[in-house]
Amino acid sequence: MTWLQAASARVVACWTRLYTAGLPAPIRDRRREEIGADVHGQLDEARSRRERPAMTAAAVMSRLVRGAWHDLSWRHEVSRPVSVARWQARRGWWVTGVLLITVAACMAWLSYGLSLRNGGDRQPLRLAAAAAGHLASGSPPGSVLPPVINVASNSAPFVIVFDARHHVLASSGHLNGRTPGLSSGVLAWVAAHGQDRITWQPGPGLREAAVIEPYGGLHPGFVLAAQSLQGISGQQRSLIRSIAYLWLAALAVSYLIARLLPARTTRPRHPIL
Amino acid sequence: MPIEQAILACGIELTAAGEPGFYGFAMARQIRDASAARQLTAHGTLYKALARLEQAGLLTSSWEDPGPAEAERRPRRRLYQVTPGGEQAVLSSAGQRASTAPRPGLGLAPA
């Protein structure tokens, strides 16, 4: 055998190893042995016919190239039942994984989302408690207010002081030149149950973290401290986007793992065996 | 299915010539000679067709005894045999060809 013939035989062997890689051992080994015996037979015949080595090598390579498409389609045919069976065996695990990933994503969204929202109450809580303390000790309503702001354009905190009959006594927040209106049901609830924390919408597109605190003293009433949730809403939207992307990525990765991870067993499943 | 018909027809011819079974390269050579082609059937075409015929029950196959292969210092061969169903398929296919467009020879067409 000349080096040219040996090289052509080696190329065929390499190609056969390549397109049979990953198949169940009996199918893979049978195809490799059959092709090896075939090429050996062809080289033997060429020797007996005293064929020129270059011609023989070209003939061997020609058989490889002309049949390459059929090699690949054969591989597709024999590997399909294996991959389908593997997927059917793993589908249950994947569905369970999807549920766990979804539950984890929901829990992350709930815990971080609530934590962000609760963070918005900190400043109003401090303001309301301080103002209620001062008002109970007799300070005038106007003295407990922070700087006046326009609620529609400024996200700084503001305070509104009400008397016991729900009339506004003083306010540092204005909306279109007026004090934002609060449902009297909220103040009635606070009168009955004590402090309340709400998400308040004083106008279209406005969301405020509001804390309403009752105060006592000679002239009892209620104090509302609020701060815009605009920044927190942006963080919440960003959080939802991040969790959604992570959720989709986790689903895709788990699906690919379930579909493509090689099986531990190489039991033959193809019907020709 | 020309290549499948060619394999079955040549397999029957080889059996009639006294071969107990035929192997891949012998089949490629037989198809080439019978169809007066210049080239041998491609590996992929031949072995894919053999696998399909076996799956359809028209061929059976088994590995040859290791003795002859060791004695001749060559790889062992997978030996195929045409089943009665395969013979029947060739006969009915030849009958159909004869009734529609009769022509001499096997009408083989290797890929």
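Protein sequences, first through last, are from chains A and B.
Heads up: the first sequence at position 40 corresponds to 44 in the working numbering, and the numbers run straight through without jumps.
Heads up: the second sequence at position 10 corresponds to -7 in the working numbering, and the numbers run straight through without jumps.
Don't be surprised by glycine CBs; every beta carbon is placed ideally from N, CA and C.
Using the beta-carbon count (16 or more within 10 Å), is residue i buried or exposed?
i                      : result
residue 37 of chain B  : buried
residue 191 of chain A : buried
residue 9 of chain A   : buried
residue 110 of chain A : exposed
residue 26 of chain B  : buried
residue 33 of chain A  : exposed
residue -6 of chain B  : buried
residue 107 of chain A : exposed
residue 203 of chain A : exposed
residue 128 of chain A : buried
residue 74 of chain A  : buried
residue 212 of chain A : buried
residue 231 of chain A : buried
residue 74 of chain B  : exposed
residue 85 of chain A  : exposed
residue 87 of chain B  : For residue 87 of chain B, the pLDDT reaches just 48, beneath the cut-off of 50, and the residue's location in the model is therefore unreliable, leaving the point undetermined.
residue 16 of chain B  : exposed
residue 152 of chain A : exposed
residue 51 of chain B  : exposed
residue 44 of chain B  : buried
residue -12 of chain B : buried
residue 273 of chain A : Unreliable placement is indicated for residue 273 of chain A, whose pLDDT of 41 sits below 50; the coordinate value is still reported in the next sentence. Answer is buried; the Cβ neighbour count reaches 16.
Measuring alpha carbon to alpha carbon, tell me which residue in the options is nearest residue i.
i                      : options                       : result
residue 49 of chain B  : B:28, B:61 and B:31           : B:61
residue 4 of chain A   : A:49, A:112 and A:155         : Because chain A spans 5 through 277 in this model, residue 4 of chain A falls outside it and cannot be assessed.
residue -14 of chain B : A:223, A:105 and A:71         : A:71
residue 5 of chain B   : B:68, B:59 and B:77           : B:59
residue 66 of chain A  : A:21, A:210, A:126 and A:46   : A:46
residue 208 of chain A : A:179, A:88 and A:214         : A:179
residue 256 of chain A : A:24, A:98 and A:60           : A:98
residue 119 of chain A : A:27, A:150 and A:237         : A:237
residue 220 of chain A : A:201, A:135, A:247 and A:261 : A:135
residue 81 of chain A  : A:56, A:150 and A:23          : A:23
residue 117 of chain A : A:259, A:260, A:233 and A:254 : A:233
residue 263 of chain A : A:90, A:226, A:193 and A:7    : A:90
residue 3 of chain B   : B:42, B:9, B:64 and B:72      : B:64
residue 7 of chain B   : B:77, B:-1, B:56 and B:42     : B:42
residue 12 of chain B  : B:68, B:-10 and B:46          : B:-10
residue 12 of chain A  : A:69, A:30, A:35 and A:53     : A:69
residue 78 of chain A  : A:20, A:37 and A:64           : A:20
residue 31 of chain A  : B:17, B:34 and B:71           : B:34
residue 224 of chain A : A:139, A:201 and A:247        : A:139
residue 154 of chain A : A:137, A:176, A:141 and A:37  : A:176
residue 31 of chain B  : A:49, A:59, A:171 and A:38    : A:38
residue 21 of chain B  : A:245, A:60 and A:92          : A:60
residue 185 of chain A : A:163, A:195 and A:26         : A:163
residue 247 of chain A : A:193, A:195, A:115 and A:55  : A:115
residue 132 of chain A : A:52, A:26, A:144 and A:148   : A:148
residue 168 of chain A : A:216, A:124, A:251 and A:151 : A:216
residue 43 of chain A  : A:26, A:121 and A:5           : A:5
residue 130 of chain A : A:150, A:144 and A:145        : A:150
Residues of chain A with CB closer than 8 Å to the CB of residue i, please, in chain order.
i                     : result
residue 23 of chain B : 46, 63 and 67
Which residues of chain A have a Cβ atom closer than 9 Å to the Cβ of residue i, listed in chain order?
i                     : result
residue 7 of chain B  : 38, 39, 41, 42 and 45
residue 27 of chain B : 23, 67, 68, 70, 71, 72, 73, 74, 75, 76, 77 and 78
Taking C-beta pairs closer than 8 Å, name the residues in chain B that residue i reaches, listed in chain order.
i                     : result
residue 34 of chain A : 61
Is there a C-beta anywhere in chain E that falls below 8 Å from the one on residue i?
i                     : result
residue 33 of chain A : Within the model displayed, chain E is absent; protein chains A and B are what it includes.
Handout entry: chain A contacts made by the region 52 to 67 of chain B, where a contact means CB separation under 8 Å
Key = 57, 58, 59, 60 and 61
Handout entry: Entirely enclosed beta strand (DSSP E) segments - the region 180 to 250 of chain A, minimum 3 residues
Key = 200 to 204, 212 to 219 and 225 to 232
Handout entry: Entirely enclosed beta strand (DSSP E) segments - the region 34 to 78 of chain A, minimum 3 residues
Key = none
Practice task
Identify each residue in the region 36 to 51 of chain A for which the Cβ-Cβ distance to at least one residue of chain B is less than 9 Å, and report them in chain order.
Solution key: Using a CB distance below 9 Å, the part of the region 36 to 51 of chain A facing chain B consists of 37, 38, 39, 40, 41, 42, 43, 44, 45, 46, 48 and 49, ordered along the chain.
Handout entry: Residues in the region 70 to 103 of chain A having any Cβ partner in chain B nearer than 9 Å
Key = 70, 71, 72, 73, 74, 75, 76, 77, 78, 81 and 82
Practice task
Starting from the N-terminal side, write out each stretch of the alpha helix (DSSP H) that is 4 residues or longer and does not extend beyond the region 85 to 142 of chain A.
Solution key: 126 to 140
Exercise for the section: List in chain order: all unbroken alpha helix (DSSP H) runs of 4+ residues lying wholly within the region 4 to 39 of chain B. Expected result: 7 to 18 and 26 to 38
Handout entry: Segments assigned alpha helix (DSSP H), at least 4 residues, entirely inside the region 5 to 37 of chain A
Key = 7 to 24
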